[in-house]
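In UniProt numbering, the protein residues as written are 1 to 855.
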């Protein structure tokens, strides 16, 4: 080290670096920022695709789910790496979070699709929804409840379709006789179907159970129930049952099965594949009469105090927003077959509270009675004291409703579930399946309603549906804890903060927003009808006005529109539980949900990123903050020859560093406004150089304000980091980017913006602080600036003499307009603190600025 370098080190001076070194440092940081924005856009597209697949709006194969999930991991890794490149590796914890999430997702992806199962029985602990083609729909759903959702189901085991096939194939001549009998059936002749059915069922009942099958069933019984006096229900679990077509009630269920009656009961249930109504049902839904895919579900019978059914949506009243629960004392068969009048509850989907309770007079109940080696169900009298008493407590009703809604969210479709309450008052789920809803309305377009004129139209649909309620305007960062139930949320701009009240909203309207942004993803996840990019909504809709939001065609109508409300709860038919959908459900919790919605919260950290969506949100938010600080690394030493001095009438010592596409001649020592090609900087300069803003003679100065400023300056007060008149200002620019650091007197302003054609990338961040006046005058000045920026649509936070403002995800033209206004504001703030002599001046000066009066 030579003497000059030693002296510089001793004095704390940094060595001057070359233009190439300076430009390399800036360019590398800017390139990482650009790459992060692109990765954010790519990841948003992947999540929109997976969301659509989960909702049934597009089809994905298993290989595509794997590919998209892995692409999501890669894009998240890319965002984390770029954020660290921008910040000098200050966010290594984010890399750790992505690595952990990626490992969890890979673990699920590496679980091979089970496909056909050769075992004759399986414990429910080894069954999930991907195995519907091997164990039937009922078993697959029960395994999913137990193993994926940790919900209470009875002990039991699945008898696979392979066992039923062996029964039909290994019994001498059985399959051939069945086939010959069915060939002679006329599907349109009910008598022909009945005759064939009776013959086939008798053939199966008379056939011996193959030794291999019988041994497997008895071993599974012993392993599941430990032998003894267990009593089970043997239910059909056929291919497609409890799936797209429910096959509800078409196959046989046998209650009160014991170990001694297991094998003959098995044959009777398999034989019900060929019952008259089952064959008729198959024919009417396009299934072949010969279909022989029958699995069985053997479940220990719950000693039920009460039982019944629950529907996560009202099965009849499309306008109801309630879970419907029916129940009776004893076993639930009297509810299912309609032989008993049940108690009924309606529970609000929004508040989870009971809205209506109807208690029936219950004289009979179904119970199990053991007679020797057999157990049979029997109708007995309900004790007098219980006949008019609800069969469920209010807490049990609300717990059941919560289960129904959780199942609907998991399966992405309204569910019909059977439940029982055991002798310990514990709720046990016996099965779940998709509800049968009319899909015709959902598949068709919204009605034209030519007799009605919409208040607003032409919006982008972010989440489909129809909602109706009173309009409640909200601010993007407002506390929405008390947002009213069933209201229509009206926002100037989309914000993930809306999630706190989203499930209470009937619909959401945002004047602007990105269809692939965070809030749109959450709206689709929660199924809240949402419109975005609806110009004029906040001016044309009044608080309390009842409107119908048509998030099918992008319209808003005044009042209630019955023709639209009838579509409100329609759903397209669910698809079968394919291996692809099951795999998607396994990985989706690690990819799609968004939990980090408030950047100001202490929980907004890499340690709390529990999904890739959280990673995306964190990296995106922090990238703005890091780029905002870009000018902090500037000094005359580090800028070197990288900067071009701006030559114009702007009263700043302003230097420009071009990262690409910002200046016509980036290597020139000077530049004029005409040589600026950066879109955002050109508009800021346009505002600063606007003739109306330029001083026309001495500015009016309030003498007391002037003396206050001079007094503070003389004693060196209020100097932020040694700032003073004459400090250099810098503009770091590209064709679409600007980081503008302005130091004028004892205050500073930083403006950071991306202004391009992609709405989701666009933003402005602005910060202003300091001044040479007293504390009170400086505070008034930032309040005045805050009033101006709020009126221009910025989200504003004022703390003491510092103001922070943001404006993001708006179209390019809107950003350009705001940047021009910020340019004017930067000029006008130079002596504003001298004018802030009282609180009235705050309002007066803001009003003058907004009216274009700058002098």
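A virtual CB, placed ideally from N, CA and C, is assigned to each residue, including glycine.
Residue 261 and residue 370 have their C-alpha atoms roughly 13 Å apart. As DSSP reads the structure, residue 297 sits in a beta bridge with 158 and 235.
Across the structure, residue 80 and residue 91 are spaced so that their CA atoms are roughly 8 Å apart.
Buried is the label assigned to residue 606, since at least 16 other Cβ atoms lie within 10 Å of its Cβ. The residue from 620, 768, 655 and 153 with its alpha-carbon nearest to that of residue 33 is 620. Between the alpha carbons of residue 763 and residue 141 lies a gap of roughly 46 Å. The beta carbons of residue 492 and residue 478 sit about 11 Å from each other, so the pair does not count as a contact at 8 Å. When secondary structure is reduced to three states using DSSP, residue 591 falls in the coil class, being assigned neither helix nor strand. For residue 489, there is no enclosing alpha helix (DSSP H); the residue is part of the beta strand (DSSP E) that begins and ends at 488-493.
Between the beta-carbon of residue 769 and that of residue 748 there is about 6 Å, and that keeps the pair under the 8 Å contact cut. Counting C-beta pairs with one atom in each stretch, the region 532-543 and the region 501-511 have three or more that are closer than 8 Å, which means they touch. Between the alpha carbons of residue 742 and residue 103 lies a distance of about 45 Å. For residue 532, there is no enclosing alpha helix (DSSP H); the residue is part of the beta strand (DSSP E) that begins and ends at 530-532.
Under the rule that a run must span 4 or more residues, the alpha helix (DSSP H) segments found entirely inside the region 531-562 read 537-540. Your pair residue 429 and residue 403 checks out as a contact, with CB atoms roughly 7 Å apart and the cut at 8 Å.
If the five residues before and after residue 407 are omitted, its C-beta is found closer than 7 Å to the C-beta atoms of 312, 415, 417 and 432, all from its own chain and listed in chain order. Per DSSP, reduced to three states, the secondary structure at residue 522 is helical. The region 170-198 is shown to contain whole alpha helix (DSSP H) runs of 4 or more residues at 174-183, in chain order. Nearest neighbour of residue 364 by Cα position, chosen from 215, 351, 386 and 88, turns out to be 386. Shown here, residue 503 sits in coil according to DSSP, grouped into three states, outside any helix or strand.
Taken through DSSP and simplified to helix, strand or coil, residue 839 comes out as helix.
Residue 200 sits in a helix when the DSSP states are folded into three classes. CA-CA distance, residue 378 to residue 410, rounds to 36 Å. Secondary structure at residue 252: coil, using DSSP grouped into helix, strand and coil. For the 8 Å CB-CB criterion, residue 564 and residue 548 form a contact. In this structure, residue 255 keeps its C-beta atom at 8 Å or more from the C-beta atom of residue 169.
Note: residue 358 is bridge-paired with 344 in the DSSP secondary-structure output. Checking the DSSP bridge columns, you'll see residue 739 partnered with 732 and 752. Exposure of residue 205 is indicated by the presence of fewer than 16 other C-beta atoms within 10 angstroms of its C-beta.
Classified as buried, residue 275 has 16 or more neighbouring CB atoms from the shown chains inside 10 Å of its CB. Excluding the 5 residues flanking it on each side, residue 753 has same chain C-beta neighbours closer than 6 Å at 680, 738 and 764, in chain order.
Scanning its chain for C-beta atoms nearer than 8 Å, with the 5 sequence neighbours on each side dropped, one finds around residue 196 the residues 181, 182, 184, 185, 274 and 279, in chain order. Taking 8 Å as the cut-off, the beta carbon of residue 683 is found closer than this to the beta carbon of residue 820. Residue 511 sits in a strand when the DSSP states are folded into three classes.
About 27 Å separates the CB atoms of residue 299 and residue 360; that is not less than 8 Å, and the two are not in contact.
Contact between residue 151 and residue 128 does not hold, since the beta-carbon distance rounds to 13 Å and is not under 8 Å.
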